[in-house]
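Note that the protein sequences, when read in sequence, are chains A and B.
Its first residue numbered 253, the first sequence is counted upward by one per residue in our numbering.
Its first residue numbered 81, the second sequence is counted upward by one per residue in our numbering.
Glycine included, every Cβ here is placed at the ideal spot set by N, Cα and C.
Worksheet: the structure to be examined is printed underneath.
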Amino acid sequence: MRRTKAIRDLGVASLALVIFIGLGGVGTLPRASSEETVQVIKAAQVFPISGPPIENGMVVIRGDKIEAVGVGLPIPEGATVIDLGEAILTPGLIDARATYGMTGGENEEYKEVTPDVRAADSIDLSHPGFQRALRAGVTAAYVTPGTRNVISGAGAVCKTSGENRWLSERVAIQATLGRDPTRGNRSPRSGRPHNFYYRRPTNRMGVTSIIRRALFEAGKEKDALGLAEALRGEIPLRFTARRSSDIVSALKLASDYGFILIIDDAGEAYRNASDIARAKVSVILRVTVDPHNRLVAEFGHVAVDSAAQLHRAGVRLALATWSDPGTAGPQDAAALAYRYGLPATAALRAVTADAAEILGVSDRIGTLEKGKDADLVAFDGDPLQVTSRVSFVMIDGRVEFLSTTKSASAGPTAAGETYPDSSPEPASMNRRP
Amino acid sequence: MNRPSLPLLAGVLVALASAPVLSDEVVAIKAGRIIPIAGDEIRGGVIVIKDGRIEAIGKDVEIPWDARVIDAADRVVMPGLVEPHTSRGLDRPNERVPNVPFVSVFDSIDPRSSYFEDAVKDGVTTILITPGNDTLIGGQTMILKPWGSTVEEMAVKSDVGLKISLRPTGGRSRMSHIGELRKVLRDMKTELAETRKQEAEKKEEDRKTARDLVGDKKRALADLLEGRFPAFVYCQTASDVIRAVALAKEFGIRIIPVLGSDGYKAAEVLAKAKLPAIVDPRLIHWERDQETGEEIPHANPTVLRDAGINFALQSTSSTLGTRFLWFQAAKAVRHGLTREEALRAITLAPAQIIGIADRVGSLEKGKDANLLILTGDPLDIRTWVDTVMIEGEVVYERSKDKTLEKLEAVR
């Protein structure tokens, strides 16, 4: 390798990196033993999320856990050093709502109410969707059953690669308000409903009453799984609710039955922001940028600054695209929410620490802190810029992806901007007089 | 374009299409940063606009005494974006019947569609509207500006091209779909040749052109075969590109390939045939390596760039970022283009590909004053379009945008 080319290729492919890899490129990495191997990852900026950004920071990893995060830390003897150069290092991104990995269908259709069904039983860890997610910087995803059932079962959190993929096989029980569970159903013209297609609800009144019924029945069983646990507050109920009226129904159900509520999709949640905040309900927001606040069938009047409004009202948020990350993932969700008014730190939190908290896995992932899993992602520029690319992914201390090419994302106003907690809001939101 | 049922309208339309609406003001924009696309960036420059066109652009340009000065000293100025191929703004993208060369988007465009309002706000000033991909020969396309209350006011150029799709319609196979296309073109070619022969035998004053005699239903096909305009050919798969190139050669027609998700695989074919390409809005195509099981992303823009092909990006009607051309350009940068290449792919390249680069696509003397004043770098997530100018007229100002007022500015 010629000297001038080596100097030019600083970026991600530093010399230390080449020594470490030996071969260069992707896919031929020696597997680090997950026992007591010590690694040190260095980057121009380290965003722990749990604290302010650290310039020229480093993360010390022992085995599969983070041992230390800081600047100028002593490098343990025998440690392998990975110097990511000008990159920005963050915790691995979390996709708070995924359906990739599910095989054989997302909905168990033999009944409308299937709280004991588990997505985990349907997840194929070798599904290519996990690889695409990993390349988009996603290190863990909440994989969920679909929305065709009124109560569709429990979602799971698993990592997108590595040797120990499961973080939790049962994170929340999904339910759906609105008309999704009525799709394809019809009531018979005469006589009683007599088969599967006729039995299911045909409008949202039916859907909500089925939920009420199920919760009421569960309240009578003391030691049952599923909904009874939810009523005891041992597992949250995650409701897909888009229209404001459905969100109000969800809040009322939570208030009546006392379960922990999380709202998915939440298109019109901005209209009920203060009620949601008061009830201490978390929201997994589907990011959308339709600028017209149009009434879009079941999606209601969406607002581009939904995330900003919810955040301002004090609602704890995670962001997701409801898409395959190979197309649009948490990075894009955070970037777009940021553009439309969500502060930068909140946007990054919503795809890392806050997502982990809402999913109940924050003891393991979501920030770069001592004792947490060594799940890290590096970007070759500001992660909230669309131009920035994932250049490095580590899960449980093992390098899963490393790019040696640098995209041209460093522009005059892009890379190098930091986000201290007290950062001013994006200049773009200030109007010229 | 000949519309036999409304010849007067056609005349008006053609007249309007060839003479842009002119503003008689002289305007000078003092810009902190100018991205002309053609040529180097200019820091601290001036653009002088007269009669709706760029009169001068540069660092030391003198501001005329009577110019209205727009102060954009802390702003970025670039050409208006060009959308090369969309079916938005239409009542329906396709006719039910697959072979309809005689229909035109002119009859289907709804000037009140929110798409046009969005387009202006998102910095798009030139749009080629086309029938969709669910067709064989879908009809005639048009180039419009997203400004005006009637299609005539919006029209910039007609006779721009015919839409052809190689994706089979109605559940049939590619064999019969493309077989029908070939038959239609062959029959037309034969008919034209015979008609010309017949006319050649007449006295000169009695002769008519084959095109005039072919009939309204097939005139657009005659125009295509006689080279009056190209065909925008949707190539759903990379192998469709090969078929399109072969058809173009067989019939001597000009084609503009509109690629599918795996279009990058046809890069060599396109390069050899010296054809441009309009890139699938999905940008990235994932394929599984058979041996390692690894999912590999292929970035269409990067592969086409490396093969030296002139390519343009499209946007979509999604509710995520891909609805913005700037987002598509930024994504292309993420996956390997330089910023300059990405900006060119949403301005000058589409203008060239759709045949209107003499008027738009870059900030150069003589071109239409279609430009954007931005709050920052066009690929920066925080940048907003402050002002949009079309043919010298300011058509959008963010400060007066009511819908953005509802966005509560943070702090």
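Hey, residue i and residue j: beta-carbon distance below 8 Å or not?
{"i": "B/G138", "j": "B/N174", "result": "no"}
{"i": "A/V541", "j": "B/R403", "result": "yes"}
{"i": "B/I364", "j": "B/H378", "result": "yes"}
{"i": "A/Q291", "j": "A/I340", "result": "no"}
{"i": "A/S302", "j": "A/A605", "result": "yes"}
{"i": "B/P191", "j": "B/S229", "result": "yes"}
{"i": "A/F382", "j": "A/T342", "result": "no"}
{"i": "B/D109", "j": "B/I122", "result": "The sequence shown places Ile at residue 109 of chain B, rather than the Asp named in the question. Taking 8 Å as the Cβ cut-off, B/I109 and B/I122 do not qualify as a contacting pair."}
Taking Cβ positions only, does residue i come closer than 8 Å to chain A?
{"i": "B/W366", "result": "yes"}
{"i": "B/F407", "result": "yes"}
{"i": "B/T467", "result": "no"}
{"i": "B/L384", "result": "no"}
{"i": "B/I117", "result": "no"}
{"i": "B/D460", "result": "yes"}
{"i": "B/L170", "result": "no"}
{"i": "B/R403", "result": "yes"}
{"i": "B/Y476", "result": "no"}
{"i": "B/A153", "result": "no"}
Tell me, which residues are paired with residue i by DSSP?
{"i": "B/L272", "result": "Looking at the DSSP assignment, B/L272 forms no beta bridge with any residue, so it has no partner."}
{"i": "A/R538", "result": "A/A572"}
{"i": "B/F312", "result": "B/K243 and B/I336"}
{"i": "B/M513", "result": "Given that chain B is displayed from residue 81 to residue 491, the structure contains no residue 513 of chain B and the question cannot be resolved."}
{"i": "B/P159", "result": "B/L451"}
{"i": "B/W366", "result": "B/P377"}
{"i": "A/T342", "result": "A/V629"}
{"i": "A/E307", "result": "A/Q297"}
{"i": "B/Y476", "result": "B/V468"}
{"i": "B/V106", "result": "B/K130"}
{"i": "A/D516", "result": "A/T492 and A/I536"}
Would a check of beta-carbon distances place residue i closer than 8 Å to chain B?
{"i": "A/L562", "result": "no"}
{"i": "A/D218", "result": "The displayed coordinates of chain A run from 253 to 685. Any statement about residue 218 of chain A would go beyond what the structure contains."}
{"i": "A/Y590", "result": "yes"}
{"i": "A/A587", "result": "yes"}
{"i": "A/D584", "result": "yes"}
{"i": "A/T665", "result": "Confidence is the limiting factor: at A/T665 the pLDDT is only 31, short of 50, which leaves the residue's position unreliable and the question unanswerable from this model."}
{"i": "A/L269", "result": "In this prediction, A/L269 has a pLDDT of 49, which is less than 50 and means its spatial position is unreliable; what the coordinates show is noted afterwards. No, no contact with chain B."}
{"i": "A/A660", "result": "With a pLDDT of 49 at A/A660, under the threshold of 50, the modelled position of this residue cannot be trusted; read the value that follows with caution. Taking Cβ atoms only, chain B reaches closer than 8 Å to A/A660, which makes this a yes."}
For residue i, return the contacting residues in chain A, with the cut-off set at a CB-CB distance below 7 Å.
{"i": "B/K411", "result": "V638"}
{"i": "B/T249", "result": "Correct list: empty, because the minimum Cβ distance to chain A is about 26 Å."}
Cβ closer than 8 Å: which chain A residues qualify as neighbours of residue i?
{"i": "B/E375", "result": "P380, Q383, R384, R387 and G578"}
{"i": "B/R362", "result": "T579"}
In chain B, which residues lie with their C-beta within 9 Å of the C-beta of residue i?
{"i": "A/G344", "result": "Near A/G344 there are no residues of chain B at all, since even the closest Cβ is about 18 Å away, more than 9 Å."}
{"i": "A/T351", "result": "Within 9 Å Cβ-Cβ: nothing; A/T351 doesn't reach chain B, min ~16 Å."}
Could you tell me which chain B residues have their CB closer than 8 Å to the CB of residue i, listed as they occur along the chain?
{"i": "A/T540", "result": "T399 and L400"}
{"i": "A/S575", "result": "L400"}
{"i": "A/D376", "result": "Neighbours of A/D376 on chain B: none; closest Cβ ~12 Å, over 8 Å."}
{"i": "A/R641", "result": "R414 and H415"}
- [ ] Kindly confirm or deny that the region 508-520 of chain A and the region 480-494 of chain A touch, where touching means at least three C-beta pairs closer than 8 Å.
- [x] yes
TODO: Check whether the region 616-623 of chain A touches the region 434-452 of chain B, counting contact only when three or more Cβ pairs, one atom from each stretch, lie closer than 8 Å.
DONE: no
- [ ] Examine the Cβ distances between the region 208-216 of chain B and the region 270-279 of chain B and report whether three or more of them are shorter than 8 Å.
- [x] no
TODO: Spell out a yes or no on whether the region 515-523 of chain A and the region 556-570 of chain A are touching, meaning 3 or more CB-CB pairs, one atom from each, closer than 8 Å.
DONE: yes
Open item on the list: Using a Cβ distance threshold of 8 Å, determine whether the region 359-376 of chain A contacts the region 309-319 of chain A, with at least three qualifying pairs required.
Closed with: no
- [ ] Would you check if there are 3 or more beta carbon pairs closer than 8 Å linking the region 458-478 of chain A to the region 416-436 of chain A?
- [x] yes
Task: Three or more C-beta pairs below 8 Å linking the region 154-163 of chain B and the region 472-489 of chain B - done: no
Task: Contact between the region 345-364 of chain B and the region 323-336 of chain B (3+ Cβ pairs under 8 Å) - done: yes
TODO: Check whether the region 139-146 of chain B touches the region 419-426 of chain B, counting contact only when three or more Cβ pairs, one atom from each stretch, lie closer than 8 Å.
DONE: no
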